[in-house]
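Chains as they are written, first to last, in full-length UniProt numbering: chain E, 1 to 488; chain W, 1 to 440. Note that CB positions come from ideal geometry on N, CA and C, so glycine has one too. Computed from a prediction, not measured in an experiment: that's the story for all the values here. To start, the structure itself, in structure tokens.
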């Protein structure tokens, strides 16, 4: 990676010089990223302002919000109201994180907030949206660099009336614009759409989105549902957070370098045994990755007709099945359609989409190795959402992945298997290093965070989706793009 | 929940006697006595007072935190210093502030497994004699040249190379040891300060607790209650130290309120409501029940259970007892209400009060202990009835044995049946133990 603006920004003197000269250089904020495996308290000593729109009765999210924040090590500053809700007092007592009240018209002078969480689920009409303004307007300046905002709303499609649907959908627009406002300081804003009855499942996504592991995700809605969990399990929901992939087997395709390599390492950090797959030509690189993480190398060309059967057989016989499947292998063969050769079209489609489908067919067959409560994660791209000049072939496959993932999720609900897509934006890899310099520079800057992401940003998102705590996410397309302006 | 082989012990171990040196503020009267010398004094006094035939002793188990680098097995040094039979073997253990209790439970376990009949267990520490540490960088740079396979063959060029590695000089100066967590770098008072905030323990409550500790300790001294437990020590200069020097019977909440916070500018922990650095030693005589009977000793108390736990030092460093004490109770088949006495190590008043509030919380019990109801509230009349570490001082390795001695004597003298012990320790460790009156 060679991002000169980011390097300039890291040099205090250069930063000051740019500022004094008034140069029109948007110097991006270096993002705070996680340094170790997932911690028991990812929000240790965070000060988090918590607010919400008050409807009739108590919000169904109070309990899980209070538990998640205090257990994760955060001190809640509960905004407004006469009395702090009981849930915050009880969970604060259990975890030694007593809640404090925060009065918006009498804020303390040196207020520094690591994050803000707003429960918008009880907004039912346009007038109710004013609580968003009332909560964020006085607080937004107190958010630290690389801070976090998470909003919680109900899926508009499930709203009881068109008016309520409008109000809930409005929250998404608010979130996306707020994210753009926060991006230059490295902060993010994201939205969780939570189904009724799925409330306990937001613990994992909330911990993830508030932590440094979601550094390059901003302006995104995530949908949490209970469709893969039965009622009994839901009533007593408390998945492992630390080393939660111990005893699990993960397959990562394209693991020799870039995103695949970063993902394999992060999965191994959580205790998974990783089967690292790549082309036979990358034997040396792949073996080095596998050796480093105590994984198993598997040299297969995913576009080979024999590949699906061989992969399934290896996983079944050598590893007793597979829990996590990450389809990361992909190629670009960029050319305008008029100039594209047929083999460029064919290769891209064969690897990026066809191979994914055929390998999954083999893994999901009746005697296939995919285990219950498993995870299927497929790499899409923002090119698949927005399209890109010279990428008709690539965009077709990456859009295809999204349709495929959403439909496949329906088939696997009953087995507890979740299926999701990750859509990376501009990530500093071999693929993007090959882009001509001017286009590359534009790609980097055209996002709220004003910089490219790192392979580990994608790996962090994939690893989160692989954990038991992400059980509520299925049929999601999670964009990890720093809120790229492309296709937003 | 079994504890090693405690379910079916070969024989029961009983506590027969305990003696300690006075506890003295660090860098004062005991400055010339290192941890071994202090241990010598405590064990010698124990032998004298119990008139124990020396051939009966099987071993010494000793706890310590600041161990002398040249002779870390303090237990064996004590046996040799006192001229005990060479067959009296010795081992030294370390578990931060729970080291003394650890030594005792090791001795009890050995006796109950039938490996020994008579063991002296205890611990000592001399903060005054902590060794200044030469930085590892110096050792690693100079060591190979002086002791490595090519020693004595260094050329001037090698010497220069080594010298260039040894800059800046500040990296090489010996460092004064401090009680900082290795993993978090936080000194213990800072961690306790955070606990005070997180558990909403007020300065007033801490000062009141500290004053009670001082008043109760002063009363125990004045009434002669500690006469059996404390043996005077003669320093090399010929001066005798008869009594604990830290206890202030005349202190008051008003006086303590004037002290400035020491760990954080707007904090609530002061020198008055924290335990001070202390020098001292404490020894306990433990025997199998049959042996005690055969030798004509009165059994004071026995262990019903014990428990050691660990928690994340980066979270609430000193909350360990809130986990260990309930576990020890459960292992012994008791509830908190069954306890006649409770003795908790007072690292800081804030830490004891934090643990008490955790034990009294239903929410804590549900989230952290898997219990429906709180462990319970501890009646102040039962808690640390003769004061604690804030008033008496806290020689790290000696405190556990001091607490066991005081509780064993209290059970015996008062005829009460049960006592619960709780100790917090560095590294996020916690210890709990249940004692029963051996005569009841």
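Proximal residues to residue i (C-beta, below 6 Å), its chain only, five neighbours per side dropped
i	result
residue 309 of chain W	320, 323, 324 and 430
residue 292 of chain W	14, 16 and 299
residue 388 of chain W	213 and 346
residue 223 of chain E	193 and 476
residue 73 of chain E	41, 43 and 44
Alpha carbon of residue i to alpha carbon of residue j, nearest angstrom
i	j	result
residue 92 of chain E	residue 361 of chain W	11 Å
residue 238 of chain W	residue 32 of chain W	11 Å
residue 209 of chain W	residue 216 of chain W	11 Å
residue 128 of chain E	residue 177 of chain E	18 Å
residue 159 of chain E	residue 380 of chain E	29 Å
residue 234 of chain W	residue 132 of chain W	26 Å
residue 221 of chain E	residue 92 of chain W	59 Å
residue 524 of chain E	residue 48 of chain E	The structure shown does not extend to residue 524 of chain E, since chain E spans only 1 to 488, so no value can be given for it.
residue 257 of chain E	residue 328 of chain E	11 Å
residue 78 of chain W	residue 125 of chain W	13 Å
residue 315 of chain W	residue 33 of chain E	21 Å
residue 438 of chain W	residue 69 of chain W	39 Å
residue 218 of chain E	residue 45 of chain E	23 Å
residue 317 of chain W	residue 350 of chain W	12 Å
residue 419 of chain E	residue 370 of chain E	12 Å
residue 175 of chain E	residue 126 of chain E	16 Å
residue 76 of chain E	residue 67 of chain E	10 Å
residue 400 of chain W	residue 18 of chain W	11 Å
residue 486 of chain E	residue 376 of chain W	59 Å
residue 358 of chain E	residue 242 of chain E	33 Å
residue 365 of chain W	residue 196 of chain W	19 Å
8 Å Cβ shell around residue i - same chain, five flanking residues per side excluded
i	result
residue 25 of chain W	245, 246, 276, 277, 278, 279 and 393
residue 56 of chain W	117, 118, 291 and 295
Per-residue contacts from residue i into chain E (C-beta, under 8 Å)
i	result
residue 361 of chain W	93 and 94
residue 366 of chain W	94
Interface partners of residue i on chain W, CB under 9 Å
i	result
residue 40 of chain E	312 and 315
residue 162 of chain E	Those within 9 Å of residue 162 of chain E in chain W number zero; the least Cβ separation is about 42 Å.
residue 112 of chain E	In chain order: nothing, as chain W lies at least about 16 Å away.
residue 137 of chain E	Ordered by position in chain W, no residue passes the 9 Å Cβ test against residue 137 of chain E, which lies about 29 Å from the chain.
Chain-ordered neighbours of residue i on chain W, where CB pairs are closer than 7 Å
i	result
residue 90 of chain E	363
Given residue i as reference, the closest of the options once Cα atoms are compared
i	options	result
residue 428 of chain W	W/66, W/96 and W/41	W/96
residue 468 of chain E	E/10, E/28 and E/38	E/38
residue 103 of chain W	W/131, W/84 and W/63	W/63
residue 228 of chain E	E/198, E/31, E/309 and E/398	E/198
residue 190 of chain W	W/146, W/261 and W/143	W/261
residue 372 of chain W	E/71, E/87, E/30 and E/94	E/94
residue 151 of chain E	E/65, E/230 and E/410	E/65
residue 118 of chain E	E/112, E/131, E/111 and E/110	E/131
residue 181 of chain E	E/137, E/99 and E/312	E/137
residue 352 of chain E	E/392, E/479 and E/14	E/392
residue 390 of chain E	E/403, E/335 and E/399	E/335
residue 42 of chain W	W/343, W/328, W/231 and W/52	W/231
residue 104 of chain E	E/140, E/313, E/236 and E/115	E/140
Residues that residue i contacts on chain W, provided the C-beta gap is smaller than 8 Å
i	result
residue 97 of chain E	198
residue 44 of chain E	314 and 315
Identified DSSP bridge partners for residue i
i	result
residue 234 of chain W	W/240
residue 344 of chain W	W/422
residue 434 of chain W	W/305 and W/420
residue 97 of chain W	W/95
residue 324 of chain E	E/250 and E/375
residue 149 of chain E	E/116 and E/189
residue 484 of chain E	E/447
residue 356 of chain E	Answer is none; residue 356 of chain E lacks a bridge partner.
residue 237 of chain E	Its beta-bridge partners do not exist; DSSP assigns none.
residue 287 of chain W	W/14 and W/118
residue 420 of chain E	E/377
Contact set for residue i: own chain, Cβ-Cβ below 7 Å, skip 5 residues either direction
i	result
residue 11 of chain W	111, 112, 114, 288, 289 and 290
residue 207 of chain W	253, 256, 257, 272 and 273
residue 245 of chain E	267, 270, 271, 272, 466 and 467
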